[in-house]
Amino acid sequence: MLNTQNIILIVLAAEGLLLLILTLFGKMTRKLFLMSAFITLAACAVNIWLGRTEEKTAVEVQQKEYVYMAARLTEQEHYEQALTALEQVTDSENEEYGVVLLRALDYEMEQEYRTAIRLLKDSKEEDALALSAAAKEEKPAGEELRGSIVSATLDSLAYSKDEQEELDARMKLRYLARYMSDTEKAEAQEKNDDDYASMRTAVEDARFEDAYELAKKRAETGSIRDAYLVSEMYLQNYDRHVQDRGDAEYVLLNENFNNSLISLNREAVKLADAKKPADGSDADEETVADMEKKYSMAMADYSIASEEIDVEEAKRVLRYLDSVQPEDIENDIAAQFYRAQLLYICGDTAAAEEALDHIFRKEEIDRQQWLGNDCRMLSDACLDILAGAGRGGFDRIFSHLTAAYGQGILSRNDQNFSAFCEDYLTRLYKGLMIQKVDTSAFPEISVELSVTEGDLKLNADVLQLTDTDEEIREFDIWEEEVSRLSVCYVLDISGSMEGDYIADSKRAIRESVSGMEEGTEMGLVLFDNEAYVTCPMTMSKYSVITAVESAQAAGGTNIAAGLEAGCEQLLHVSGKKVIILLSDGYDGGSVGDELMTRLVKNDIRVYTIGLEGCDEAYLRRIAEGCSGRFIKAADSRDLGSIYEDIQGYIEKVYHLRYKVSTEKDLDRWLLVSLKDSLVRARREYDTVQEEQDWTDTDDDWKKERQSSDYFRENGGEAER
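Every position in the sequence shown, counted from 1, becomes a number in the working numbering once 797 is added.
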């Protein structure tokens, strides 16, 4: 079929032939040559422009189809698949097709309310406001609202009935093949010729080589996204048998991997037989110990072989992508994020961070690019983690971001790379912490801000404030003067703390005590089933350090007992009073109204630290109710830096005061950042303070309240 580009190529060929004939017969003149050169250059420029326009149009058509599929999947209540489809839609199409609203709806139906609100914060449409209100109350959108959003999206696409039937068949094969019978698959296959749907069907049927060949065929057309898809299939060994043929280096690695796996399985069987002999006799301890040693050695060999083959595959993918990436790779968000993941697999963390720098070390992440909006949300979600809001939103956004490479066909959830990205972003932004936002005099806002790192001195010249997209140019700032500080350490010594947990906790407390300013009064409370005041309040650092050495893990977990004993220690001291509580346990929510009210009335702040196994929601609400914050320690070895951060929260405190416009919604957010730096802190808040219902039941603890300063502001018991 002849198109404009083909016609231009034919004309250029004819022109070249004519020039050759004129040259052979001596009829070529300088004027003819210049005219011909001009026509050739102009035609080439037009041809390139048409090619890019055609490619852009093809992408827009494809993304329009993704929006349709996402809307239909939402309509059928397949929200996870709908979000997967939406990951393929760049933000340049969002305004036209209302993708922001649809994406927020799907996140909300997945109970990711914070992410939904973040997406909707700039929207003023009626459905967006209704959806935001539902998200604020943390409840799924009603059927009527969901239907309205889906219908509006489908109507805007204006597909004919025949086109809809074809897209529905494609959608079923691509996203819902696991729910279809073989007959339904065959019927749907007849109505479409989509390679992506065929790939998905091949994956569902475990025909991995077929899926890989289809992806490779599409990638050869020059599509970067399909190149990513081929790379993912390669990394996940969808073409294992294809790789083996004629590839001596890979064959050797693969044989080593398979042999180590066979050896590991053999040693596992021997170990099982040694632990439970077939004749029913008692196991021989010496034989079991010998088998366990051999099994450990086989596991080590397997781990090394597995890592070697993973690294080799990642290196090959990097070489492949370098050959097909766009010239402006440094500004390509998807390319840099994927490159960072591959470099991390190769063990080159420094290069992986450099790749992430191209995305996140910018004043503003380009939301127009593929994965740009997701990276921006990932950045905000990390700021939420730093603010103590939990990591659920970060994990969900990261999962969808990495799944985008699979384009609805396959996904890979790399928890190690997720932790690496979180650590990278935390180090990038860390340094400031918004402790509290007081809106009791709204539109005047009062903020408590802490410096968590270094000897940084804050003033109006180094800070930049943004409140719900409104730049705050005028604000007052002053440093809090603390004449006296009293800190009570409350440490869980239940049986589950035995080992590294108790050892790392003791070391972290020793370092924290040593780092406190002279004149700080400190005490130590240990608790298991009950509480023990091991060191009453004292200014002697030696006494506290000596007391913490006596901690031994045993017994159960009674957080309320430890917290109450810490409260008793601080009742009769003056100045700023703080409890730092560490636990890895779950005590069923024993901290009730009376104790919380007592802590708040006596102006005692509580910071809680949770190790693996803790009740995160419970510890978070205790801290937020007492104007502190909860911090989850991913590893007990991180406790030293966590206690150091908390020291910054309580010793280096500043206060801000400013006024905002009253034209904004009730759901607001504050971003405080250092000028000429990426250090920043973000916190969401409400203009209306809500009462918090403290009860002892687990169900009541599940409902999170953004306004957690009720006790401090009211000094009384919440209504039940």
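All C-beta atoms, glycine included, are put in the ideal place defined by N, C-alpha and C.
(request) Have a look at Glu1361, Val1066, Val1370 and Asp1400 and flag the residue whose alpha-carbon is nearest the alpha-carbon of glutamate 1391. (result) Taking the sequence shown and counting its residues from 1, one reaches residue 1391 at position 594. Ranking Glu1361, Val1066, Val1370 and Asp1400 by Cα distance to glutamate 1391 puts Glu1361 first.
(request) Flag leucine 1058 as yes when its Cβ comes closer than 7 Å to any non-hydrogen atom of the ligand ADP, and as no otherwise. (result) What this structure holds is no ligand at all, so the ligand ADP is not there to describe.
(message) By the three-class DSSP mapping on this structure, what secondary structure does histidine 1452 have?
(response) Residue 1452 sits at position 655 when you count from the first residue of the sequence shown. Note: histidine 1452 maps to strand in three-state DSSP.
(message) Can you give me the C-alpha to C-alpha distance between arginine 869 and valine 947, rounded to a whole angstrom?
(response) Within the sequence shown, numbered from 1, the residue matching residue 869 stands at position 72. Within the sequence shown, numbered from 1, the residue matching residue 947 stands at position 150. Whole-angstrom Cα-Cα distance: 8 Å.
(request) Within the region 1227 to 1297, note down every full beta strand (DSSP E) run reaching 3 residues or more, in order along the chain. (result) 1229 to 1235, 1241 to 1248, 1260 to 1264, 1267 to 1269, 1273 to 1276 and 1282 to 1289
(request) For the beta strand (DSSP E) holding arginine 1479, just list the boundary residues, first then last. (result) Against the sequence shown, residue 1479 aligns to sequence position 682. Arginine 1479 -> beta strand (DSSP E) spans 1477 to 1483.
(request) Over the uninterrupted beta strand (DSSP E) stretch that includes lysine 1373, give me the two end residues. (result) Along the sequence shown, one-based indexing puts residue 1373 at 576. That run of the beta strand (DSSP E) goes 1373 to 1380.
(message) Counting C-beta neighbours from all protein chains within 10 Å, is the total for arginine 915 16 or more, i.e. buried, or is it exposed?
(response) As a first step, residue 915 must be located in the sequence shown, where it is residue number 118. Buried: at least 16 other Cβ atoms inside 10 Å.
(message) For leucine 1198 and alanine 879, I'd like the C-alpha separation in whole angstroms.
(response) On the sequence shown, position 401 is the one that residue 1198 refers to. On the sequence shown, position 82 is the one that residue 879 refers to. Taking the straight line joining both Cα atoms gives about 14 Å.
(message) Assess contact between the region 1213 to 1227 and the region 1137 to 1153, defined as three or more Cβ pairs (one per stretch) separated by less than 8 Å. Is contact present?
(response) yes
(message) In chain order, what are the residue ranges of uninterrupted beta strand (DSSP E) at least 3 long that sit wholly in the region 1149 to 1177?
(response) none
(message) Can you tell me whether isoleucine 1419 is helix, strand or coil according to DSSP?
(response) Looking up residue 1419 in the sequence shown gives position 622. Note: isoleucine 1419 maps to helix in three-state DSSP.
(message) Based on DSSP bridge pairs, tell me the residues matched to isoleucine 1306.
(response) By 1-based counting over the sequence shown, the position of residue 1306 is 509. Its beta-bridge partners do not exist; DSSP assigns none.
(message) Going by DSSP in three states, glycine 1189 sits in which element: helix, strand or coil?
(response) Stepping through the sequence shown from its first residue, residue 1189 is reached at position 392. It is helical.
(request) Less than 8 Å between the CB atoms is what I'm expecting for threonine 871 and aspartate 903, so what's the real figure, rounded? (result) Within the sequence shown, residue 871 is the residue found at index 74, counting from 1. Within the sequence shown, residue 903 is the residue found at index 106, counting from 1. With a Cβ gap of about 6 Å, threonine 871 and aspartate 903 count as contacting.
(request) Please state if the CB of arginine 1477 and the CB of tyrosine 1226 are separated by a distance shorter than 8 Å. (result) On the sequence shown, position 429 is the one that residue 1226 refers to. On the sequence shown, position 680 is the one that residue 1477 refers to. Yes. Within cutoff.
(request) Specify, as a first and last residue, the run of the beta strand (DSSP E) that methionine 1328 falls within. (result) Walking along the sequence shown from the start, residue 1328 turns up at place 531. Per the sequence shown, the amino acid found at residue 1328 is alanine instead of methionine. Here the beta strand (DSSP E) through alanine 1328 covers 1328 to 1335.
(request) Return the CA-CA distance between aspartate 1496 and aspartate 1384, expressed in angstroms with no decimal places. (result) Position 699 of the sequence shown, counting from 1, holds the residue named residue 1496. Position 587 of the sequence shown, counting from 1, holds the residue named residue 1384. With a pLDDT of only 41 at aspartate 1496, under the threshold of 50, the placement of this residue in the model should not be trusted, and no figure is reported.
(request) Find out if the Cβ-Cβ distance for the pair glutamine 1166, serine 1470 is shorter than 8 Å. (result) Within the sequence shown, residue 1166 is the residue found at index 369, counting from 1. Within the sequence shown, residue 1470 is the residue found at index 673, counting from 1. Their beta carbons are not under 8 Å apart, which means glutamine 1166 does not touch serine 1470 by this criterion.
(request) Indicate the three-state DSSP secondary structure (helix, strand or coil) for tyrosine 865 in the structure shown. (result) Taking the sequence shown and counting its residues from 1, one reaches residue 865 at position 68. Residue state, collapsed to three classes: helix.
(message) Classify asparagine 1355: buried if its beta carbon has 16 or more other beta carbons within 10 angstroms, exposed otherwise.
(response) Mapped onto the sequence shown, residue 1355 falls at position 558. That one is buried.
(message) For the alpha helix (DSSP H) containing methionine 1319, name the first residue and the last one.
(response) Start at 1 with the first residue of the sequence shown, and residue 1319 comes out as number 522. That residue, methionine 1319, is in no alpha helix (DSSP H); its beta strand (DSSP E) goes 1318 to 1324.
(request) Assign serine 1283 to one of two classes, buried (16 or more other C-beta atoms within 10 Å of its C-beta) or exposed (fewer than that). (result) Start at 1 with the first residue of the sequence shown, and residue 1283 comes out as number 486. Looking at its Cβ environment, which holds 16 or more other Cβ atoms inside 10 Å, serine 1283 is buried.
(message) Closest to glycine 1445 by C-alpha separation, out of Val1279, Ala1008, Ser957 and Val1114, would be which residue?
(response) Numbered from 1 along the sequence shown, position 648 holds the residue referred to as residue 1445. Answer by Cα proximity: Val1279.
(request) Taking 8 Å as the cut-off, decide whether the C-beta atoms of leucine 970 and arginine 997 are in contact. (result) Taking the sequence shown and counting its residues from 1, one reaches residue 970 at position 173. Taking the sequence shown and counting its residues from 1, one reaches residue 997 at position 200. It is a contact, given that the beta carbons lie within the stated cut-off.
(message) Considering only their Cβ atoms, is the gap separating alanine 930 from glutamate 905 smaller than 8 Å?
(response) Here residue 905 is taken as the residue at index 108 of the sequence shown, counted from 1. Here residue 930 is taken as the residue at index 133 of the sequence shown, counted from 1. Contact flag unset, no.
(message) Using a Cβ distance threshold of 8 Å, determine whether the region 1086 to 1103 contacts the region 1117 to 1130, with at least three qualifying pairs required.
(response) no
(request) Sort out for me which residues DSSP pairs arginine 1402 with in a bridge. (result) Translated into positions along the sequence shown, residue 1402 becomes position 605. DSSP lists Val1375 as partners of arginine 1402.
(message) Taking 8 Å as the threshold (C-beta atoms), are aspartate 1181 and glycine 1169 in contact?
(response) Within the sequence shown, residue 1169 is the residue found at index 372, counting from 1. Within the sequence shown, residue 1181 is the residue found at index 384, counting from 1. No, these two residues do not count as a Cβ contact at 8 Å.
(message) Which residues does DSSP list as the beta-bridge partners of valine 1388?
(response) Taking the first residue of the sequence shown as 1, we reach residue 1388 at position 591. Paired residue(s): none; valine 1388 is not in a bridge.
(request) Can you tell me the Cβ-Cβ gap for cysteine 1411 and glycine 1382, rounded? I've got them flagged as a contact below 8 Å. (result) To locate residue 1411, count along the sequence shown from 1; it is residue 614. To locate residue 1382, count along the sequence shown from 1; it is residue 585. About 6 Å separates the two Cβ atoms, so the contact holds.
(request) Could you tell me the distance, in whole angstroms, from the CA atom of aspartate 1258 to the CA atom of leucine 1468? (result) The residue you call residue 1258 lines up with position 461 of the sequence shown. The residue you call residue 1468 lines up with position 671 of the sequence shown. Answer to the nearest angstrom: the Cα atoms are 16 Å apart.
(message) What does the alpha-carbon distance come out to for the pair arginine 1158 and glycine 1144?
(response) Along the sequence shown, read from residue 1 onward, the residue named residue 1158 stands at position 361. Along the sequence shown, read from residue 1 onward, the residue named residue 1144 stands at position 347. If I take the Cα positions, the gap works out to 22 Å.
(request) Find out if the Cβ-Cβ distance for the pair methionine 1334, leucine 1207 is shorter than 8 Å. (result) Start at 1 with the first residue of the sequence shown, and residue 1334 comes out as number 537. Start at 1 with the first residue of the sequence shown, and residue 1207 comes out as number 410. Not closer than 8 Å, so no.
(request) Please classify lysine 1073: does DSSP put it in a helix, a strand, or coil? (result) On the sequence shown, position 276 is the one that residue 1073 refers to. Three-state DSSP puts lysine 1073 in coil, outside helix and strand.
(request) Answer yes or no: do valine 864 and valine 897 have a C-beta to C-beta separation smaller than 8 Å? (result) Residue 864 sits at position 67 when you count from the first residue of the sequence shown. Residue 897 sits at position 100 when you count from the first residue of the sequence shown. No, the pair does not count as a contact, with Cβ atoms beyond the cut-off.
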